[in-house]
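S.K.:
Numbering (this note's numbering), first residue to last: 5 to 411.
#1: Grab me the residues of residue 222's own chain with a C-beta within less than 8 Å of its C-beta, minus the 5 sequence neighbours each way, in chain order.
#2: Please return the same chain residues whose Cβ sits closer than 8 Å to the Cβ of residue 400, not counting the five positions on each side in sequence.
#3: Let's test the definition: count the other Cβ atoms within 10 Å of the Cβ of residue 230 and tell me whether it reaches 16, buried, or not, exposed.
#4: Write down the C-beta distance between residue 194 and residue 170 rounded to the nearest angstrom, noting that I regard them as a contact closer than 8 Å.
#5: For the candidate residues 228, 336, 333, 57, whose alpha-carbon lies nearest to that of residue 172?
#6: If you draw a straight line from the C-alpha of residue 428 to the C-alpha of residue 317, how long is it?
#7: Using the Cβ count rule (16 or more neighbours within 10 Å means buried), how would you classify residue 375?
#8: In the DSSP assignment, the alpha helix (DSSP H) including residue 172 goes from what residue to what residue?
#9: When you compare the CB positions of residue 265 and residue 196, do they come within less than 7 Å of one another, or not?
#10: Just verifying my parser: in three-state terms, what is the DSSP assignment at residue 103?
#11: Pull the bridge partners of residue 110 from the DSSP assignment, please.
#12: Count the other CB atoms, across all protein chains shown, that sit within 10 Å of the CB of residue 118; report buried if there are 16 or more and exposed otherwise.
#13: Under 8 Å: do the segment 245 to 265 and the segment 207 to 218 share three or more Cβ pairs, one atom per stretch?
#14: For residue 19, count neighbouring C-beta atoms within 10 Å of its own C-beta (all shown protein chains included) and say buried if the count is 16 or more, exposed if not.
#15: For the pair the segment 300 to 307 and the segment 387 to 395, tell me if three or more CB-CB distances fall below 8 Å.
#16: Could you pull out every unbroken beta strand (DSSP E) segment of at least 3 residues lying fully inside the segment 212 to 287, listed in chain order?
#17: Can you tell me whether DSSP reads residue 158 as helix, strand or coil?
#18: Let's test the definition: count the other Cβ atoms within 10 Å of the Cβ of residue 31 and tell me whether it reaches 16, buried, or not, exposed.
#19: Out of 239, 116, 323, 41, which has the shortest C-alpha to C-alpha gap to residue 403?
#20: Going straight from the alpha carbon of residue 110 to that of residue 352, what length do you get?
#21: For residue 158, which residues in the same chain have their Cβ closer than 6 Å to its Cβ, ignoring the five residues on either side in sequence?
#22: Considering only C-alpha positions, which residue in the set 21, 132, 121, 116 is nearest to residue 41?
#23: Can you tell me whether residue 165 is buried or exposed? The criterion is at least 16 other CB atoms within 10 Å of its CB, across all chains shown.
#24: According to DSSP, which residues form a beta bridge with residue 204?
#25: Keeping to the same chain, check which residues put their C-beta closer than 8 Å to that of residue 298; ignore five residues upstream and five downstream.
#26: Under 8 Å Cβ to Cβ from residue 46, same chain only, skipping five residues before and after it: list those, please.
#27: Say yes only if the C-beta of residue 21 is nearer than 6 Å to one or more non-hydrogen atoms of the ligand PLP, and no if none qualify.
#28: Please classify residue 9: is it buried, with 16 or more other beta-carbons within 10 angstroms of its beta-carbon, or exposed?
#29: Use the C-beta contact count for residue 208: other C-beta atoms within 10 angstroms, 16 or more gives buried, fewer gives exposed.
#30: Let me know the secondary structure DSSP gives residue 303 once reduced to three states.
#31: Quick check for students: name the residue ranges of the alpha helix (DSSP H) that lie wholly in the segment 360 to 408, counting only runs of 4 or more.
#32: If you follow the beta strand (DSSP E) that residue 47 is in, where does it begin and where does it stop?
#33: Taking residue 336 as part of the alpha helix (DSSP H), name the residues at either end of that continuous run.
#34: Between residue 149 and residue 21, how many whole angstroms is the CB-CB distance? I'm expecting something under 8 Å.
#35: Per DSSP, what are the beta-bridge partners of residue 95 in this structure?
#36: Consult DSSP for residue 27 and reduce its assignment to one of helix, strand or coil.
Structure representation (structure tokens):
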């Protein structure tokens with residue numbers, strides 16, 4: 005039987021670690037040099053940031069097999085426990101020969117991660133083990149909170165801890181496995197139908213993204229937010245009425261104007277498996293839309309569906325595009341003669357072969373548009389008003405545009 009853990013030594017070790025270590029992993033290593041425990045430090049979504057244990061510790065207790073589901077179950081139990089227990093102490097779970105203590109790492113009032121401490125129940129009698137592990141885990145959480153504050157790891161989030169946990173799982177692709185009826189807390193929160201929004205700043209500013217996310221969550225309750233580098237990804241849930249759909253559009257449009265951000269919003273869908281695909285499509289649409297309409301801030305995914313598909317198809321189609329040679333010659337003739345036939349054709353097809361709308365977009369008279377379209381028909385040798393041909397030409401033009409952008 006090992007010597008009992010002295011909590012005063014733990015305090016001293018934690019503050020020494022703050023003075024001599026610069027990372028979460030080194031902090032955990034320093035603590036477990038003294039204490040015979042396994043320490044797992046998690047981010048707000050349950051992803052492992054650090055894991056450490058004392059040399060020679062019981063290898064059967066090491067958590068290599070503690071998958072995401074188990075970690076998140078412990079976190080969700082702790083969150084439920086915290087809603088009933090306001091004292092801030094760690095939650096304790098006794099499972100077989102192990103004691104688990106779980107608590108939040110708090111930075112300036114926000115939960116920024118979690119610590120799970122695991123102790124072999126055979127080391128102490130039950131009463132000593134419980135109290136020792138709880139207090140030690142709390143010491144580690146306090147120390148890591150100070151370390152993260154020093155490193156400015158603070159999200160400034162208004163969003164609840166459980167929503168932030170679920171958001172990371174959903175947007176990092178683990179959502180289906182974890183949410184598929186395994187835990188009531190998720191079934192309560194994640195309710196179809198859904199919509200995804202992707203938000204980014206023209207110049208990267210993480211604080212601006214978080215302020216915008218806070219604004220949305222303050223006015224629309226059923227939303228999950230995940231911020232990763234220059235993007236904020238939002239999942240709106242339980243969208244059963246037209247009023248909800250309209251409110252989401254209005255909230256996102258207002259957010260774009262208030263915080264000077266760019267946003268693309270998806271259509272409604274029901275399957276959790278589509279979240280990542282909808283996120284990808286919104287990101288693609290945002291890139292395409294901002295390039296085409298730089299004065300706009302708010303966009304809709306469905307308006308750029310064809311362009312998104314073309315951007316994905318380009319690597320497989322290459323120069324085997326419909327009327328590739330003729331369209332290239334049309335663009336070359338524009339350059340040589342300073343005409344604008346290629347752009348005219350593109351805008352005409354983008355608005356569904358509407359002469360008046362295309363003329364307005366090109367800032368030319370309707371009769372000028374009709375004249376240009378007649379010349380384009382002659383040059384290409386096809387009827388651009390025949391629906392099947394119009395669709396193929398548009399796709400070919402969009403593929404060419406995508407290729408130019410990638411170069």
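Note that beta-carbon positions come from the ideal geometry of N, C-alpha and C, so glycine has one too. Just so it is clear, the structure is predicted and the values come from calculations on it, not from any experiment.
M.R.: By the coordinates alone:
#1: As a working note, residue 222 is residue 218 in the chain shown. Result list for residue 222: 162, in chain order.
#2: Mapped onto the chain shown, residue 400 falls at position 396. Closer than 8 Å at the Cβ level, and outside the excluded window around residue 400, lie 325, 326, 327, 328, 331.
#3: Taking the chain shown and counting its residues from 1, one reaches residue 230 at position 226. Label assigned to residue 230: buried.
#4: By one-based count along the chain shown, residue 194 stands at place 190. By one-based count along the chain shown, residue 170 stands at place 166. Between residue 170 and residue 194 the Cβ distance is about 6 Å, and since that is below 8 Å, they are a contact.
#5: On the chain shown, position 168 is the one that residue 172 refers to. Here the closest residue by C-alpha is 228.
#6: Residue 428 is absent from the model: the chain starts at 5 and stops at 411.
#7: In the chain shown, the residue the question calls residue 375 occupies position 371. Looking at its Cβ environment, which holds fewer than 16 other Cβ atoms inside 10 Å, residue 375 is exposed.
#8: Position 168 of the chain shown, counted from the start, is the residue given in the question as residue 172. First-last of the alpha helix (DSSP H) with residue 172: 165 to 175.
#9: Start at 1 with the first residue of the chain shown, and residue 265 comes out as number 261. Start at 1 with the first residue of the chain shown, and residue 196 comes out as number 192. Cβ atoms of residue 265 and residue 196: not closer than 7 Å.
#10: For the purposes of this step, residue 103 is taken as the residue at position 99 of the chain shown. Secondary structure at residue 103: strand, using DSSP grouped into helix, strand and coil.
#11: Position 106 of the chain shown, counted from the first residue, corresponds to residue 110. Paired residue(s): 115.
#12: Residue mapping note: residue 118 aligns to position 114 of the chain shown, counting from 1. Buried: at least 16 other Cβ atoms inside 10 Å.
#13: yes
#14: Residue mapping note: residue 19 aligns to position 15 of the chain shown, counting from 1. Note on residue 19: under 16 other CB atoms within 10 angstroms of its CB, so exposed under the neighbour-count rule.
#15: no
#16: Those beta strand (DSSP E) runs which fall completely within the segment 212 to 287 and span 3+ residues are 227 to 232, 235 to 240, 265 to 269.
#17: Counting from one through the chain shown, the residue named residue 158 turns up at place 154. Collapsing the DSSP output to three states places residue 158 in coil.
#18: Start at 1 with the first residue of the chain shown, and residue 31 comes out as number 27. So residue 31 ends up on the buried side.
#19: Residue mapping note: residue 403 aligns to position 399 of the chain shown, counting from 1. Checked all of 239, 116, 323, 41; the closest Cα to residue 403 is 323.
#20: On the chain shown, residue 110 is found 106 positions in, with the first residue counted as 1. On the chain shown, residue 352 is found 348 positions in, with the first residue counted as 1. When rounded, the distance between both Cα atoms is 56 Å.
#21: Within the chain shown, numbered from 1, the residue matching residue 158 stands at position 154. Only 111, 112 meet the Cβ criterion.
#22: Counting from one through the chain shown, the residue named residue 41 turns up at place 37. Nearest option by C-alpha distance: 121.
#23: Walking along the chain shown from the start, residue 165 turns up at place 161. Per the 10 Å Cβ criterion, buried.
#24: In the chain shown, residue 204 corresponds to position 200, counting from 1. Answer by DSSP bridge pairing, in chain order: 235, 266.
#25: Taking the chain shown and counting its residues from 1, one reaches residue 298 at position 294. Answer for residue 298: no residue qualifies.
#26: Sequence index remark: in the chain shown, residue 46 carries index 42 (1-based). Counting only Cβ-Cβ distances below 8 Å, and skipping sequence neighbours, we find 52, 53, 75, 79, 117, 118, 119, 120.
#27: The ligand PLP is not among the ligands present in this structure, which contains no ligands whatsoever.
#28: The count along the chain shown starts at 1 and reaches residue 9 at position 5. When all chains shown are included, residue 9 counts as buried.
#29: For the purposes of this step, residue 208 is taken as the residue at position 204 of the chain shown. Exposed, because fewer than 16 other Cβ atoms sit within 10 Å of the Cβ of residue 208.
#30: By one-based count along the chain shown, residue 303 stands at place 299. Looking at residue 303 - three-state DSSP - the assignment turns out to be strand.
#31: 370 to 384
#32: Counted from its first residue, the chain shown places residue 47 at position 43. Start and end: 42 to 47.
#33: By one-based count along the chain shown, residue 336 stands at place 332. From DSSP, the alpha helix (DSSP H) with residue 336 extends over 328 to 341.
#34: Taking the chain shown and counting its residues from 1, one reaches residue 149 at position 145. Taking the chain shown and counting its residues from 1, one reaches residue 21 at position 17. About 13 Å; that fails the 8 Å criterion.
#35: On the chain shown, residue 95 is found 91 positions in, with the first residue counted as 1. Note: residue 95 sits in a beta bridge opposite 106.
#36: For the purposes of this step, residue 27 is taken as residue 23 along the chain shown, with counting starting at 1. The answer is coil: DSSP assigns residue 27 none of H, G, I, E or B.
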